[in-house]
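Here the protein sequences line up with chains F and G, keeping their order. Heads up: the first sequence begins at 776 in the working numbering, then just goes up one per residue. Heads up: the second sequence begins at 4 in the working numbering, then just goes up one per residue. First the structure, in the form of structure tokens, and then the observations on it.
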Amino acid sequence: MATFLLLRLLRWSVGLLLILFITYAMMYYGAGDPIRMMFIQGEDFDTEDEVVMLALRKKYGLDEPFLVQFGNYMNNLFQGDWGRSIRLEVDRPVLDIVRFRLPISMQLGFAATLIGAVSGIALGVWSALYHNRLLDRLIVSSVLFINGIPIFVTLPMLQLLLVLQLKLIDVPYGWNGLFHIDAALPVAVISIGVLPIIVRQTRSAMLEVQSQQYVTTARAKGVPENAIILRHMLRPVLTPVVTTLGLIMIGLINGSLFVEYILNIPGFGLLTIEGIKKVDYPIIMAVAVVGTLIIFVSNFMVDIIYPILDPRVRAQ
Amino acid sequence: MSESLPGSKISRVVDDGSIQSGEQRSLWQDASRRFRKNRLAVCGLLVVLFFLVTAVFGPHVSPYDFLEQNIARAFQGPSEEHFLGTDDLGRDVFSRMLHGARTAALVAFFTTAISLLIGVLVGTWSGIRGGRTDEFLMWISDLIQAMPGLLLVILINTTLRRPIINAFDDLYMQTRDPFFLNTLWLDYVLVFSALALIGWPGLARLVRGQVLSINEEDYVLAARAIGASEVHIMLRHVIPNALGPLVVAVTASMGGAVTLEAGLSFLGIGIQPPNASWGSMLEEGRRYWQIFPHLMLIPAVTIGVIQVSFVFLGDGLNDALDPRRNT
């Protein structure tokens, strides 16, 4: 077991390193010189002075050869120095920015996952209990329907409906804490994004469990149906749901990108888009580091949790 | 279709016409009967077909030039002259939607074609070779699939633009060929390649799985026993049998590409103006959503309807082409 986990850890870490290297190379060779961009767009400075540019490049360590730059970057990264923002919030340490932005997205994501998981598992169980009957078909098709519509369509449409037509809420804008009314719409929309994954997984696991002999035995003993669902079915149903954690995380990141962009919430997703539009190397690298790390850590966690939940996997 | 094996030639002669083609037809007939029973899937298919026809012929019948601006006529609602009204620059929304359909269909087609090509090559190679090759290729595709795809696509799209433009500038300086000055197609190529890059691993995994399982079948063993080459087995036995799941995956891939393209253009990273894309139309319309909601509503509803159709179509195909799932 320990060897298996170690091998997994090694696999994911090498992958992480590879992805960071490729990202850095793409930034270095592709994105263009951020210092020159400052002058071309004339937003931050208005000089054409080559000496100033050289000095700025030296300041951010952009005058070194590629491999040296990458080495320095990784070295600093492990010591907690993620560099300083070049153009987005000039000179502010990137780690500071991430520390401010990431929790906002995490709160949104956590609330959305909670709502999505609870309602998704309930819907999945419900739909499996009514297998191939009207309710099941209804749930399955509406989940397919929801799954089809992209977030950047759902959110504006909901805005139209709730703000313009029903006049239920004001235009949500920015971030006023998770428990402010403005957070309701983003949380709802992001949870709609993760809901289909959970419903589908729960439903198929539930259908499989229903035909198990211990369920028949429990029924034969006269255990009430509700108790059977709670005591015998839910655990084996939840196990495969946990394995979708990686998918859920991808859904959350995609969701936060669009939702934060549309509603101007200063979270991680908006940071990604701003960083890329402003060609801010350290920010883009930080976004890649954090994004990949989230996915890899959640995949690794699944590797750890799965054997705990399902003893059959442990035995292998 | 040429027959290289004496064995199969004989069976073809014996079973000529009636039985052999009858068997083949019944498989697909079966599938089509199952498919037609699923009303939602049939509706999905009709919408997707309509979308493709619009993409091919739409721009030719569009009432106005999709780039033609007329500020005096900006922000009009639907009228007789402008079927779906006009946008902030007075451009005809209907004509722009038709061109957006072509953009979406182009992206769907090329993205799927490229990722299918890479996916089939890598998948079969991986499945046939096995061992180290297989492990390495599957590790790479695992890595790509584990990454948040949208992040990756955004990164590729923003970083590759400049080097390509620079390369073309150099080529222009050397050759003085005006072809290299026109970079309007660049957005498209970038979107195709970025989307294909995250698209192929799924297809490669699917093909590899099919190759592995079909290779176990007795008829493949039989073919091998009478000395059929690997290439022949691939083309005659593995690929035809893997066709069902591949059709499903290709449909999903096309739908996914349409969404991703719209999403990228929505974020201002995909197809840039003045090219028309539903995603960027949605984003432009969003600026005026409280005053002129129709500008946002039209692209939003279109994207939604097409996406839902693709999903229902894929679901129906999946049920129809995979009989094992129904038992």
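Just so you know, even glycine gets a beta-carbon here, dropped at the ideal spot from N, CA and C.
No Cβ-Cβ contact shorter than 8 Å links ALA34 (chain G) with ALA255 (chain G). ALA225 (chain G) is not a Cβ neighbour of VAL125 (chain G), given a cutoff of 8 Å. Inclusion of GLN976 (chain F) and THR1019 (chain F) in the CB contact set at 8 Å is warranted, their separation being smaller than that value. No residue range can be given for GLY133 (chain G), since it is assigned to no alpha helix (DSSP H) and is classified by DSSP as neither H nor E. When 7 Å is used as the limit between beta carbons, THR798 (chain F) is near these residues of chain G: LEU158, in chain order. Judged by beta-carbon spacing, GLY205 (chain G) lies beyond the 8 Å limit of PRO925 (chain F), meaning their Cβ atoms are not closer than that value. Within chain G, the residues placing a beta-carbon under 7 Å from that of SER916 (chain F) are LEU43, ordered along the chain. Collapsing the DSSP output to three states places PRO868 (chain F) in a strand.
According to DSSP, residue pairing for ARG859 (chain F) in a beta bridge involves F:PRO868. ILE306 (chain G) reaches chain F at ILE924, PRO925, PHE927, VAL928, counting residues in chain order whose Cβ is nearer than 9 Å.
Residue pairing by DSSP puts THR89 (chain G) in a beta bridge opposite G:ASP95. Distance between TYR1036 (chain F) and ASN907 (chain F), taken at the CA atoms: about 40 Å.
In this chain, the alpha helix (DSSP H) harbouring MET257 (chain G) covers 242–269. With fewer than 16 other CB atoms across the displayed protein chains lying within 10 angstroms of its CB, ASP172 (chain G) is exposed. GLN844 (chain F) and GLY122 (chain G) have their C-alpha atoms roughly 34 Å apart.
Nearest C-alpha to LEU55 (chain G) among G:ALA108, G:GLU84, G:GLN32: G:ALA108. Within the same chain, and ignoring the five residues on either side of SER118 (chain G) in sequence, the residues whose Cβ sits closer than 7 Å to its Cβ are ALA199, GLY202, TRP203, LEU206, SER256. In the DSSP annotation of this structure, ASP838 (chain F) is not part of any alpha helix (DSSP H), being labelled neither H nor E.
Collapsing the DSSP output to three states places LEU943 (chain F) in coil. Among the residues facing chain G, ILE1051 (chain F) is included, as its CB has a counterpart in that chain under 8 Å away. In chain G, no part has a C-beta under 9 Å from the C-beta of PRO961 (chain F); the shortest such distance is about 16 Å. Using a Cβ-Cβ cut-off of 8 Å, TYR804 (chain F) counts as an interface residue toward chain G, since at least one Cβ of chain G sits closer than that to its own.
Taken through DSSP and simplified to helix, strand or coil, ARG42 (chain G) comes out as helix. For LEU870 (chain F), no CB of chain G lies under 8 Å from its own CB, so it is not counted at the interface with that chain. When secondary structure is reduced to three states using DSSP, HIS955 (chain F) falls in the coil class, being assigned neither helix nor strand.
Around CYS46 (chain G), the same chain offers SER312, PHE315 as residues with beta carbons nearer than 8 Å, after the five sequence neighbours per side are excluded. Taking ASP318 (chain G) as the centre and dropping the five residues before and after it, the same chain places the C-beta of ALA44 closer than 7 Å to its C-beta, in chain order.
Interface annotation for the region 1066–1085 of chain F against chain G: GLY1066, THR1067, ILE1069, ILE1070, PHE1071, ASN1074, criterion Cβ-Cβ distance under 9 Å. When 7 Å is used as the limit between beta carbons, PHE97 (chain G) is near no residue of chain F, the shortest such separation being about 19 Å. At a cut-off of 8 Å between beta-carbon atoms, MET257 (chain G) makes no contact with chain F.
Residue contact check for TYR1036 (chain F) against chain G: a CB pair falls below 8 Å.
The distance from the Cβ of LEU937 (chain F) to that of LEU943 (chain F) is about 5 Å, consistent with a contact at the 8 Å cut-off. Judged by beta-carbon spacing, PRO151 (chain G) lies beyond the 8 Å limit of GLY923 (chain F), meaning their Cβ atoms are not closer than that value. Under the DSSP assignment, ASN218 (chain G) falls in the alpha helix (DSSP H) whose first and last residues are 189–218. Assigned with DSSP and collapsed to three states, LYS833 (chain F) falls in helix.
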